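Notes follow the structure.
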Amino acid sequence: MGQTNDDPLTFYGERLDSRLLVGTSMYDSPAILADSVRASGAEVVTVSLRREAGGAQAGQSFWSLIKNLGVRVLPNTAGCRTVKEAVTTAEMAREVFETPWIKLEVIGEDDTLQPDVFGLVEAARILNREGFRVFPYTTEDLVVAEKLLGAGCEVLMPWGAPIGSGRGLNNPYGLRSLRAHFPGVPLVVDAGIGAPSHAAAAMEMGYDAILLNTAIAKAGDAVAMAHAFKLAVTAGREAFLAGPMEARDMASPSTPVFGRAFT
Amino acid sequence: MKVRVNGETREVRATNLAALIAELDYGEALVATARNQTFVRGKDRAQTQIAEGDEIEILTPRQGG
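As they're listed, the protein sequences go chains A and B. Residue numbering for the first sequence follows the numbering used here, starting at 1 and increasing by one per position. Residue numbering for the second sequence follows the numbering used here, starting at 1 and increasing by one per position.
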């Protein structure tokens, strides 16, 4: 159960055994990045495209490192603020990374990096038409979710909290509601996760996977934290499948009342 | 001819995108290109003429979240 072969996760027909996806930014060194990805058990890592001067080698050596990890890549459109920027970046990423998968971000607000959901739906429609497999970074808004599905998305990635904030699940009610409304759609909590307990909580709600970056990369020991997240995601998934008990307002004794002494 | 490459104004001799990449020392590096915010496939670079004032993006793989 959990992160084993009898409970696989499927994105666009592609089967994965790990329910943890990790970002590749902000690690102290390439070696720590590689060790953290291995410790996380992730089979998918996010990558980006950025400007680099001719003759520089940072991009090429990063790409060699990722290829050597043997993982699938999910390129992003991070930082794009318009539909045109996001679509062009996705097209560029498809050629370089040789995958139709794209984590679609259209950012609408600087302080929260909140998605521009109007631009997101429009860009998703264009990219799905062009044959991309779109993973939209969205909010927990039900109407936006419906429109993204209508635009051809088969996976949704609602935020837990603003990117890099580590606040966890800001709106558990909204996330629960989204899960309940779209029971057959793979849902990934992407962004805002700060601790393994946040990841476990989302998985216990029935989310299919977790995508995070900063919480591992900026931990005191990134490799150890990557492993902690692996365990938390597995635990949360197994707990969801096991069926957590309903919370109640009043106490209920766990030790049998019958046979109690001094009565 | 002056064009903007990755946000910087450059004086270049190249007249097509493939020649520009060579002139700017990208060599065999894995790059993705766009001209005036429109994606240009690798195989189309040699046929893609560049003009004064064009905005060229030359991007490489990088860490991402």
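We treat Cβ as the ideally placed atom computed from N, Cα and C, and that holds for glycine. Note that the structure is predicted; figures quoted are calculated from it, not measured.
Just to make sure I have the definition right: I need the residues of chain A whose C-beta is within less than 9 Å of the C-beta of residue i. Which are they?
| i | result |
| --- | --- |
| N6(B) | R51, E52 and A53 |
| D54(B) | Within chain A, no residue comes near D54(B); the closest Cβ sits about 14 Å away, beyond 9 Å. |
| R29(B) | One point to set straight first is that residue 29(B) is Ala, not Arg, in the sequence displayed. In chain order: E52, G54, G55, A56, Q57, G59 and Q60. |
For residue i versus residue j, is the C-beta distance shorter than 8 Å?
| i | j | result |
| --- | --- | --- |
| T60(B) | L17(B) | no |
| E122(A) | V83(A) | yes |
| E43(A) | R72(A) | yes |
| E204(A) | F229(A) | no |
| P162(A) | L212(A) | no |
| P100(A) | V106(A) | no |
| V3(B) | I56(B) | yes |
| N36(B) | R51(A) | no |
| L187(A) | L156(A) | yes |
| A180(A) | V189(A) | no |
| D208(A) | R15(A) | no |
| T38(B) | T88(A) | yes |
| F11(A) | V47(A) | no |
| R125(A) | G108(A) | no |
| L49(A) | A86(A) | no |
Does the Cβ of residue i have 16 or more other Cβ atoms within 10 Å, making it buried, or fewer, making it exposed?
| i | result |
| --- | --- |
| P274(A) | As shown, chain A starts at 1 and ends at 263. That puts residue 274(A) outside it, with no answer to give. |
| E91(A) | buried |
| G55(A) | exposed |
| K147(A) | buried |
| K103(A) | buried |
| D118(A) | It should be pointed out that residue 118(A) corresponds to Phe in this sequence rather than to Asp. Exposed, because fewer than 16 other Cβ atoms sit within 10 Å of the Cβ of F118(A). |
| Q63(B) | buried |
| Q3(A) | With a pLDDT of only 45 at Q3(A), under the threshold of 50, the placement of this residue in the model should not be trusted, and no figure is reported. |
| P256(A) | exposed |
| V143(A) | exposed |
| M1(B) | exposed |
| N68(A) | exposed |
| A199(A) | buried |
| T263(A) | exposed |
| A32(B) | buried |
| G236(A) | buried |
| E11(B) | exposed |
| F258(A) | exposed |
Using the beta-carbon of each residue, which ones in chain A are nearer than 8 Å to residue i?
| i | result |
| --- | --- |
| Q63(B) | G23, T24, S25, M26, Y27, L33, V47, S48 and F62 |
| G42(B) | E95 |
| Q37(B) | K84, E85 and T88 |
What in chain B is Cβ-close to residue i, meaning under 9 Å?
| i | result |
| --- | --- |
| E146(A) | Residues of chain B passing the Cβ test: none, with the nearest at roughly 27 Å. |
| A228(A) | What A228(A) touches in chain B: nothing, since even the nearest Cβ is about 19 Å away. |
Find the residues of chain B that neighbour residue i, judging by a C-beta separation of less than 8 Å, and give them in chain order.
| i | result |
| --- | --- |
| E154(A) | In chain order: nothing, as chain B lies at least about 22 Å away. |
| N76(A) | G64 and G65 |
Run down chain B in chain order and give the residues with a C-beta less than 7 Å from the C-beta of residue i.
| i | result |
| --- | --- |
| N213(A) | G65 |
| E91(A) | F39 |
Along chain A, which residues have their Cβ under 7 Å away from the Cβ of residue i?
| i | result |
| --- | --- |
| L24(B) | G54 |
- Contact between the segment 55–64 of chain A and the segment 238–252 of chain A (3+ Cβ pairs under 8 Å): Segments in contact, no.
- Item | Cβ pair count under 8 Å reaching 3, the segment 209–226 of chain A against the segment 30–50 of chain A | Touching, per the Cβ criterion.
- Task: Quick one: which unbroken alpha helix (DSSP H) runs of 4-plus residues sit fully inside the segment 78–157 of chain A? Chain order, please.
- Result: Complete alpha helix (DSSP H) runs here, min 4: 83–97, 117–129 and 142–150.
- Message: Ignoring anything shorter than 3 residues, give me the beta strand (DSSP E) runs that lie fully in the segment 170–226 of chain A, in order along the chain.
- Response: The segment 170–226 of chain A contains, as complete beta strand (DSSP E) runs of 3+ residues, the segments 188–190 and 209–212 (chain order).
- Does the count of Cβ pairs from the segment 185–201 of chain A and the segment 157–172 of chain A closer than 8 Å reach three? Segment contact: the segment 185–201 of chain A against the segment 157–172 of chain A, three or more CB-CB distances shorter than 8 Å; contact assigned.
- Jot down the residue ranges of each uninterrupted beta strand (DSSP E) in the segment 15–62 of chain B, minimum 3 residues, whole runs only, in chain order. Here the runs fully enclosed are 32–35 and 38–40.
- Message: In chain order, what are the residue ranges of uninterrupted alpha helix (DSSP H) at least 4 long that sit wholly in the segment 46–78 of chain A?
- Response: Runs of the alpha helix (DSSP H) inside the segment 46–78 of chain A: 58–69.
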